[in-house]
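Under my numbering, the first residue of the sequence shown is numbered 14, with each subsequent residue one higher. All residues carry an ideal CB built from backbone N, CA and C; glycine is no exception.
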Amino acid sequence: MIESAADAIADIPDGARLAVGGFGMCGVPAVLIGALYDAGTSDLEVVSNNAGVDGWGLGVLLGAGRLRRVVSSYVGENREFARQYLGGELEVELTPQGTLAERLRAGGSGIPAFFTVTGAGTQVADGGLPWKYDSSGNVEKSSPPKQKQSFDGKEAVLEHAIVADFGLVRAWKGDRHGNLVFRDTARNFNPLAAMAGRITVAEVEELVEPGEIHPNSVHLPGVFVHRVVPLTPEQAADKPIEKRTVRVAGAEEN
């Protein structure tokens with residue numbers, strides 16, 4: 014166990030590759046991301062489902078110009094992300110969501126690559142997706158074509174596993190041995206990002222003693238987690254809502 018997020022991420026160098034959990038604004042290791050921002054760490058490559066939103070989550074690092082490259086499956090609703098990508102400031106490798114999840118899982122399982130039918134017959138397989146633009150809006154770097162093979166008459170695409178220097182995740186509950194439990198949809202990409210990290214840091218909302226989590230309740234065993242940071246009640250409660258839908262009090266439902 015490490016008392017502070019600052020100490021937990023102190024050895025993450027400039028230029029590191031990070032696998033970061035979360036989906037939208039759910040289950041995002043925002044405290045660890047904030048510690049990276051405070052440390053001034055830059056030139057980072059981030060592998061995550063999305064790059065946060067303007068001013069929160071990974072959007073904090075993005076807005077400060079600390080990200081060099083992003084491997085992601087969804088990048089919408091982030092104006093700064095679009096500006097940097099189209100302006101030639103950020104390299105982006107878009108990956109189908111299920112493929113991204115499996116690439117992370119494979120990296121954590123020691124599987125170097127796998128074939129999938131997802132993306133077959135598209136630019137995902139054939140190459141040519143713009144990874145980076147120059148400042149004039151011209152494509153500077155494109156995705157390469159991928160190896161293809163037919164299985165039972167269906168074309169499949171070879172995808173390589175992802176292994177990151179560090180994994181950053183957020184859990185609902187954990188012990189100092191690194192056994193983690195994620196709550197509801199906050200599980201999302203967190204276990205996969207943790208598996209893919211050579212060194213994984215978990216911020217936990219509730220720290221319990223070893224043995225308090227029943228083995229059948231463990232979502233991610235401690236073998237994948239190297240550092241545990243307990244959050245304060247205030248940090249644990251800081252969970253912004255991405256989209257809030259309300260109706261006028263007392264209004265009749267249709």
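Relative to the C-alpha of Ala184, which candidate in Leu220, Leu117, Glu153 and Ala29 has its C-alpha closest? Within the sequence shown, numbered from 1, the residue matching residue 184 stands at position 171. Checking every option, the nearest Cα to that of Ala184 belongs to Leu220.
For Lys154, which residues of its own chain have a beta-carbon under 6 Å away from its beta-carbon, when the five flanking residues on both sides are left out? Reading the sequence shown from its first residue, position 141 is the one you call residue 154. Beyond the five residues adjoining it in sequence on each side, Lys154 comes within less than 6 Å, by CB distance, of Trp144 and Lys145 in the same chain, given in chain order.
Going straight from the alpha carbon of Glu16 to that of Leu244, what length do you get? Here the question's residue 16 lines up with position 3 in the sequence shown. Here the question's residue 244 lines up with position 231 in the sequence shown. Per the coordinates, the alpha-carbon of Glu16 lies some 9 Å from the alpha-carbon of Leu244.
Quick one: give me the first and last residue of the alpha helix (DSSP H) that Val261 is part of. On the sequence shown, residue 261 is found 248 positions in, with the first residue counted as 1. Counting along the chain, Val261 falls outside any alpha helix (DSSP H), and DSSP gives it neither H nor E.
Residues that Lys161 bridges to, as DSSP identifies them: Here residue 161 corresponds to residue number 148 of the sequence shown, with the count starting at 1. Beta-bridge pairing links Lys161 to Val170.
Measuring alpha carbon to alpha carbon, tell me which residue in Lys186, Phe164 and Ala177 is nearest Ile226. In the sequence shown, the residue the question calls residue 226 occupies position 213. Residue Lys186 is the option with its Cα nearest to Ile226.
Local conformation of Gly76 per DSSP, three classes: Mapped onto the sequence shown, residue 76 falls at position 63. Here Gly76 carries a helix assignment [DSSP, helix/strand/coil].
What would DSSP say about Thr198, mapped onto helix, strand or coil? Taking the first residue of the sequence shown as position 1, residue 198 is located at position 185. If DSSP states are grouped into helix, strand and coil, Thr198 belongs with the helices.
Buried/exposed call for Asp188, threshold 16 Cβ in 10 Å: Start at 1 with the first residue of the sequence shown, and residue 188 comes out as number 175. Here Asp188 is buried. Its C-beta has 16 or more other C-beta atoms within 10 Å.
Determine the burial state of Ala64: buried for a count of at least 16 other Cβ atoms within 10 Å of its Cβ, exposed for fewer. Indexing the sequence shown from 1 puts residue 64 at position 51. Classified as buried, Ala64 has 16 or more neighbouring CB atoms from the shown chains inside 10 Å of its CB.
From Leu45 to Glu106, what distance separates their C-alpha atoms? Position 32 of the sequence shown holds residue 45. Position 93 of the sequence shown holds residue 106. Taken atom to atom, the span from the alpha-carbon of Leu45 to that of Glu106 is near 23 Å.
Would you say Asn62 and Phe179 are within 7 Å of each other, going by their C-beta atoms? In the sequence shown, the residue the question calls residue 62 occupies position 49. In the sequence shown, the residue the question calls residue 179 occupies position 166. Not closer than 7 Å, so no.
By DSSP, does Tyr50 sit in helix, in strand, or in coil? Here residue 50 corresponds to residue number 37 of the sequence shown, with the count starting at 1. Helix.
Tell me the start and end of each unbroken beta strand (DSSP E) in the stretch 201-253 that is at least 3 residues and wholly inside, in chain order. For the stretch 201-253, whole beta strand (DSSP E) runs of length 3 or above, ordered along the chain, are 210-221 and 240-243.
Determine the closest residue to Gly40 out of Val194, Ile212, Gly235 and Asn151, with distance taken between C-alpha atoms. The residue given as residue 40 occupies position 27 in the sequence shown. Looking at the Cα atoms, Val194 is the closest of the given residues.
Pull up the distance between the alpha-carbon of Gln162 and that of Ser85, whole angstroms please. Here residue 162 corresponds to residue number 149 of the sequence shown, with the count starting at 1. Here residue 85 corresponds to residue number 72 of the sequence shown, with the count starting at 1. Their backbone Cα atoms lie some 25 Å apart in a straight line.
Could you tell me which of Leu49, Arg81 and Glu104 sits nearest to Gly70, measuring between CA atoms? Position 57 of the sequence shown holds residue 70. Here the closest residue by C-alpha is Leu49.
On the DSSP letters alone, give me the boundaries of the alpha helix (DSSP H) that Ala19 sits inside. Sequence index remark: in the sequence shown, residue 19 carries index 6 (1-based). Taken as a continuous stretch (DSSP letters only), the alpha helix (DSSP H) holding Ala19 covers Ala18 to Ala21.
Using a Cβ-Cβ cut-off of 6 Å (strictly less than) and excluding sequence neighbours within five positions of Lys159, which residues of its own chain qualify? As a position in the sequence shown, residue 159 is number 146, starting the count at 1. Around Lys159: Ala138, Val170 and Leu171.
Drop a sphere of 10 angstroms on the beta-carbon of Gly34, count the other beta-carbons inside from all chains shown, and report buried for 16 or more, exposed for fewer. Mapped onto the sequence shown, residue 34 falls at position 21. The residue in question, Gly34, is buried, as its Cβ has 16 or more Cβ neighbours within 10 Å.
Neighbourhood of Asn91 by C-beta distance below 8 Å, restricted to the same chain and skipping five residues each side: Mapped onto the sequence shown, residue 91 falls at position 78. Around Asn91: Asn63, Ala64, Gly65, Val66, Asp67, Gly72 and Leu75.
Contact set for Asn192: own chain, Cβ-Cβ below 7 Å, skip 5 residues either direction: Mapped onto the sequence shown, residue 192 falls at position 179. Taken in chain order, the residues that qualify are Ile226, Val231, Pro234 and Gly235.
What are the start and end residues of each continuous alpha helix (DSSP H) run of 4 or more residues lying completely inside the stretch 103-137, in chain order? Counting whole runs of 4 or more residues, the stretch 103-137 contains the alpha helix (DSSP H) stretches 110-122.
For Glu93, report the span of its alpha helix (DSSP H) as first-last. Here residue 93 refers to the residue found at position 80 when the sequence shown is read from its first residue. It spans Arg92 to Leu99 - the alpha helix (DSSP H) in which Glu93 sits, taken as one unbroken run.
Segment contact, 8 Å Cβ cut-off, at least three pairs: the stretch 93-107 with the stretch 118-131: Because the criterion of three Cβ pairs below 8 Å is not met, the stretch 93-107 and the stretch 118-131 do not touch.
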